[in-house]
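S.K.:
There are 2 protein chains.
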Amino acid sequence: MKNLTKRQEEILDLIKTHILDFGFPPTRADIAKTLGFKSPNAAEQHLRAIEKKGFIKILSGASRGIVLSDSDCDEIPVIGLVAAGGPILAQENIEKTIPRSRNLFSNDIDYYLRVKGDSMVDVGIYEEDLIGVSKSKDFKVGNIVVARINDEVTVKTLIEMSQTKVVLRPENQNYKDIIVNPETDELVIEGSCVALVRESI
Amino acid sequence: MKNLTKRQEEILDLIKTHILDFGFPPTRADIAKTLGFKSPNAAEQHLRAIEKKGFIKILSGASRGIVLSDSDCDEIPVIGLVAAGGPILAQENIEKTIPRSRNLFSNDIDYYLRVKGDSMVDVGIYEEDLIGVSKSKDFKVGNIVVARINDEVTVKTLIEMSQTKVVLRPENQNYKDIIVNPETDELVIEGSCVALVRESI
DNA sequence: CAATATACTGTATATAATTACAGTAATTAT
DNA sequence: ATAATTACTGTAATTATATACAGTATATTG
Numbered sequence: 611m612k613n614l615t616k617r618q619e620e621i622l623d624l625i626k627t628h629i630l631d632f633g634f635p636p637t638r639a640d641i642a643k644t645l646g647f648k649s650p651n652a653a654e655q656h657l658r659a660i661e662k663k664g665f666i667k668i669l670s671g672a673s674r675g676i677v678l679s680d681s682d683c684d685e686i687p688v689i690g691l692v693a694a695g696g697p698i699l700a701q702e703n704i705e706k707t708i709p710r711s712r713n714l715f716s717n718d719i720d721y722y723l724r725v726k727g728d729s730m731v732d733v734g735i736y737e738e739d740l741i742g743v744s745k746s747k748d749f750k751v752g753n754i755v756v757a758r759i760n761d762e763v764t765v766k767t768l769i770e771m772s773q774t775k776v777v778l779r780p781e782n783q784n785y786k787d788i789i790v791n792p793e794t795d796e797l798v799i800e801g802s803c804v805a806l807v808r809e810s811i
Numbered sequence: 611m612k613n614l615t616k617r618q619e620e621i622l623d624l625i626k627t628h629i630l631d632f633g634f635p636p637t638r639a640d641i642a643k644t645l646g647f648k649s650p651n652a653a654e655q656h657l658r659a660i661e662k663k664g665f666i667k668i669l670s671g672a673s674r675g676i677v678l679s680d681s682d683c684d685e686i687p688v689i690g691l692v693a694a695g696g697p698i699l700a701q702e703n704i705e706k707t708i709p710r711s712r713n714l715f716s717n718d719i720d721y722y723l724r725v726k727g728d729s730m731v732d733v734g735i736y737e738e739d740l741i742g743v744s745k746s747k748d749f750k751v752g753n754i755v756v757a758r759i760n761d762e763v764t765v766k767t768l769i770e771m772s773q774t775k776v777v778l779r780p781e782n783q784n785y786k787d788i789i790v791n792p793e794t795d796e797l798v799i800e801g802s803c804v805a806l807v808r809e810s811i
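The following block contains the structure:
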């Protein structure tokens, strides 16, 4: 799918905003008025261009007949197994997506990560649970974080964090603390857990 | 808010379905065609009646200008503390509601129940968690259920169920099984847990 | 360098859609 | 008993909207 131009993106945003605000898409005249066009035809031609690039579908003969394509209704990815090496949000890691509008949580969730293993059972995080991850950088010691250590992604409690020592604790007596020296090992805190979802009890 | 007639309810449903299917509300003509009216004015008058009862707002002069009122986007109640005696879904028990459209789960969730106490920590259900409850009657032994025993509502695992003996097990070594004789004690299985949500980790 | 894409103005028209007016008939509330 | 509500048909006017056609100008691609 080709990229939209800046102006086209503006128009797509306007359509989404209109739907959010009113519950239905704008007319050509609405678009023209909002963006200051003097002709509704300017909007028309933008819409055709955006349709050509696959971001919307125009239903001919229907008023306000603009249908957003699935790809752009802003979905939250659910990450299954993370392939070693690549970025977490790489396409091949995405198990499915959830429309952002269905997001139950007020928190800022950038993606859901499916939990593998039992290293966090003592805080009630089980295998196959989905944890909501926020990429925000304001995590603190004590938070449960998503960490990447040398290409391996793991969910642990952040216990200590300094220039030379980071301690990640599995919440399960059978496991030992992971102690990393960020100067010798590659360590990235990808985000912190802000929610948990268990789909099948 | 007054109740809708059967026909009006049909029309409101049609509007919701149309929005779901197309992304925008139907026209009067659409409604008339779908329901077999020979005049778009039949639809018009129904819409006015539904608006009068507060379920929709009609934006005059705008095509497809039908806005659903908040109240009818079908909300899932979140039940906090259950007052002894009354029904679970009584108004005073409802802590808040969540739009059904925001429901992440495919399961049939009739309400969310906020967990009190630590009797289920061994299966990862913690105080303040929300469990999604389905009122469906096809729960089985082994399921986690919401039970009401003599006016007290509790979440436990259903271990055994016969005419004269029902065993409910707290999933916490510090608690003992609850054994109830449905013939002498009042016992209602309100539903079974089909999901779990933890909003703050 | 020509073709295509982008980003518009300006006009016009067919059709889509709202909405008013005039009825009919059955049911329900006062 | 009478008024109001419900549930429509039928017609028609007005307005809202999509959309075609004719331009202008600049930027980008092959």
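In order, the protein sequence lines correspond to chains L and S.
Under the working numbering, the residues of the first sequence are numbered 611 to 811, in order.
Under the working numbering, the residues of the second sequence are numbered 611 to 811, in order.
Cβ coordinates follow ideal geometry from the N, Cα and C atoms, glycine included.
None of these values were measured; they are calculated from a predicted model.
1) Rounded to the nearest angstrom, what separates Asp682(S) and Asn791(L) at their Cα positions?
2) Please tell me whether Ile625(L) has its Cβ less than 7 angstroms away from any Cβ of chain S.
3) Give me the subset of the stretch 613-645 of chain L whose CB atoms are less than 8 angstroms from a CB atom of chain S, sorted by chain position.
4) Chain S beta carbons: is any one of them nearer than 7 angstroms to that of Ile754(L)?
5) DSSP has Gly734(L) in a bridge; who is on the other side?
6) Taking 8 angstroms as the cut-off, does the stretch 767-782 of chain L touch the stretch 621-639 of chain S (at least 3 CB pairs, one atom from each stretch)?
7) Within the chosen definition, does the stretch 611-627 of chain L reach the stretch 651-658 of chain L through at least 3 CB pairs nearer than 8 angstroms?
8) Does the Cβ of Ala700(L) have 16 or more other Cβ atoms within 10 Å, making it buried, or fewer, making it exposed?
9) Below 8 angstroms on C-beta distance, what does Arg674(L) contact in chain S?
10) Among residues of its own chain, excluding the 5 on either side of Gln783(S), which ones have a beta-carbon nearer than 8 angstroms to its beta-carbon?
11) Give the residues from the stretch 748-775 of chain S that approach chain L closer than 7 angstroms (Cβ to any Cβ), ordered along the chain.
12) Looking only at its chain, what residues have a beta carbon closer than 8 angstroms to the beta carbon of Leu806(S), apart from the 5 residues adjacent to it on each side?
13) Using a Cβ-Cβ cutoff of less than 6 angstroms, which residues in the same chain neighbour Gly801(S) once the five nearest sequence positions on both sides are dropped?
14) Step through the CB atoms of chain L and report whether any lies within less than 7 angstroms of the CB of Ala664(S).
15) Please report whether the beta-carbon of Val743(L) lies at a distance below 7 angstroms from any beta-carbon of chain S.
16) In three-state DSSP terms, what is Leu657(L)?
17) Given that Tyr721(L) touches chain S, what residues does it touch there, using C-beta distances under 8 angstroms?
18) Can you tell me whether Ile789(S) is buried or exposed, with buried defined as 16 or more other CB within 10 angstroms of its CB?
19) Just grab the DSSP bridge partners of Ile721(L) for me.
20) Over the uninterrupted alpha helix (DSSP H) stretch that includes Ala642(L), give me the two end residues.
21) Would you call Ser729(S) buried or exposed, if buried means 16 or more other Cβ atoms sit within 10 Å of its Cβ?
22) How would you list, in chain order, the residues of chain S whose beta-carbon sits under 7 angstroms from the beta-carbon of Tyr855(L)?
23) Taking the alpha carbon of Val677(S) as the reference point, which residue from Ile660(S), Glu685(S), Pro687(S), Gly690(S) has its own alpha carbon closest?
24) Output needed for Arg674(L): all residues of its chain with C-beta closer than 8 angstroms, excluding positions within five of it in sequence on either side, in chain order.
25) Could you tell me which residues DSSP pairs with Ser597(S) in its beta bridges?
26) Assuming Arg758(S) and Val798(S) form a contact by the criterion Cβ under 8 angstroms, report the distance between their Cβ atoms to the nearest whole angstrom.
27) With DSSP run on the structure shown, which of helix, strand or coil describes Ile704(L)?
28) Out of Asn760(S), Asn753(S), Glu702(S), Thr644(S), state which residue places its alpha-carbon closest to the alpha-carbon of Glu770(S).
29) Which of the three DSSP states is assigned to Pro687(S) in this structure?
30) Checking contacts by CB at 7 angstroms: is Ile811(L) closer than that to chain S?
31) By the three-class DSSP mapping on this structure, what secondary structure does Leu699(L) have?
32) Excluding five sequence neighbours on each side, which residues of the same chain lie with their C-beta closer than 6 angstroms to the C-beta of Pro687(L)?
33) Using a Cβ-Cβ distance under 7 angstroms, would Val777(S) count as near chain L?
34) Taking all protein chains shown into account, decide if Thr767(S) is buried (16 or more other Cβ within 10 angstroms of its Cβ) or exposed.
35) Report all residues from its chain with a CB closer than 6 angstroms to the CB of Arg808(S); omit the five preceding and five following residues, and keep chain order.
36) Classify Arg712(S) as helix, strand or coil using the three-state DSSP reduction.
M.R.: According to the structure shown:
1) By one-based count along the second sequence, residue 682(S) stands at place 72. By one-based count along the first sequence, residue 791(L) stands at place 181. For Asp682(S), the predicted model reports a pLDDT of 49, less than 50, meaning its position is unreliable and no value from the coordinates is stated.
2) Residue numbering aside, residue 625(L) sits at position 15 when the first sequence is read from its first letter. Not closer than 7 angstroms to any Cβ of chain S, the Cβ of Ile625(L) fails to qualify, so no.
3) Ile629, Phe632, Gly633, Phe634, Pro635, Thr637
4) Counting from 1 along the first sequence, the entry for residue 754(L) is found at position 144. Judged by the 7 angstroms Cβ criterion, Ile754(L) is in contact with chain S.
5) Translated into positions along the first sequence, residue 734(L) becomes position 124. Answer is none; Gly734(L) lacks a bridge partner.
6) no
7) yes
8) Stepping through the first sequence from its first residue, residue 700(L) is reached at position 90. So Ala700(L) counts as exposed.
9) Working through the first sequence from its first residue, we reach residue 674(L) at position 64. Residues of chain S passing the Cβ test: Phe634, Ser673, Arg674.
10) Here residue 783(S) refers to the residue found at position 173 of the second sequence. Correct list, in chain order: Asp732.
11) Ile754
12) What you label residue 806(S) is simply residue 196 of the second sequence in a count that begins at 1. Contacts found: Gly734, Ile735, Asp739, Leu740, Ile741, Gly742.
13) Numbered from its first residue, the second sequence carries residue 801(S) at position 191. Excluding positions up to five away in sequence, the list reads Val743, Ser744, Lys745, Val756.
14) Along the second sequence, read from residue 1 onward, the residue named residue 664(S) stands at position 54. With the sequence shown as reference, residue 664(S) is identified as Gly, and Ala is not the correct amino acid for it. Gly664(S) does not count as touching chain L.
15) Here residue 743(L) is taken as the residue at index 133 of the first sequence, counted from 1. Chain S contact via Cβ: absent.
16) Translated into positions along the first sequence, residue 657(L) becomes position 47. The answer is helix: DSSP assigns Leu657(L) an H, G or I state.
17) As a first step, residue 721(L) is located in the first sequence; it is residue number 111 there, counting from the start. None at all; the shortest Cβ gap to chain S is about 14 angstroms.
18) Residue 789(S) sits at position 179 when you count from the first residue of the second sequence. By the neighbour-count rule (16 or more Cβ atoms within 10 Å), Ile789(S) is not buried but exposed.
19) As a working note, residue 721(L) is residue 111 in the first sequence. Residue identity check: residue 721(L) is Tyr in the sequence provided, not Ile. The partner list for Tyr721(L) (beta bridge, DSSP) reads Val743(L).
20) Locating residue 642(L) in the first sequence gives position 32, where the first residue counts as 1. Segment 638-645, the alpha helix (DSSP H) holding Ala642(L).
21) In the second sequence, residue 729(S) corresponds to position 119, counting from 1. Its Cβ being crowded by 16 or more others within 10 Å, Ser729(S) is buried.
22) In the structure as shown, chain L begins at 611 and stops at 811. Residue 855(L) is therefore absent and cannot be evaluated.
23) Residue numbering aside, residue 677(S) sits at position 67 when the second sequence is read from its first letter. When only C-alpha atoms are compared, the closest one is Ile660(S).
24) Position 64 of the first sequence, counted from the first residue, corresponds to residue 674(L). Cβ within range, chain order: Phe634, Pro635, Pro636, Thr637.
25) No information on residue 597(S) is available, as it lies outside the stretch 611 to 811 that chain S covers here.
26) Taking the second sequence and counting its residues from 1, one reaches residue 758(S) at position 148. Taking the second sequence and counting its residues from 1, one reaches residue 798(S) at position 188. Yes, they are in contact, since the Cβ atoms of Arg758(S) and Val798(S) sit about 5 angstroms apart, within 8 angstroms.
27) For the purposes of this step, residue 704(L) is identified with residue 94 of the first sequence, where counting begins at 1. Strand, per DSSP.
28) Reading the second sequence from its first residue, position 160 is the one you call residue 770(S). Closest option to Glu770(S), Cα to Cα, is Asn753(S).
29) Looking up residue 687(S) in the second sequence gives position 77. The answer is strand: DSSP assigns Pro687(S) an E or B state.
30) As a first step, residue 811(L) must be located in the first sequence, where it is residue number 201. Closer than 7 angstroms: yes.
31) Residue 699(L) sits at position 89 when you count from the first residue of the first sequence. Three-state result, Leu699(L): coil.
32) Here the question's residue 687(L) lines up with position 77 in the first sequence. Answer for Pro687(L): Ile704, Thr707, Tyr721, listed in chain order.
33) In the second sequence, the residue the question calls residue 777(S) occupies position 167. By this cut-off, Val777(S) is not an interface position.
34) The count along the second sequence starts at 1 and reaches residue 767(S) at position 157. So Thr767(S) counts as buried.
35) By 1-based counting over the second sequence, the position of residue 808(S) is 198. For Arg808(S), where only same-chain residues beyond five positions count, the Cβ hits under 6 angstroms are Asp739.
36) Taking the second sequence and counting its residues from 1, the one referred to as residue 712(S) is at position 102. Residue confidence is low: Arg712(S) scores 49 on pLDDT, short of 50, so the model does not pin down where it sits. Its coordinate-derived value is still stated next. Residue state, collapsed to three classes: helix.
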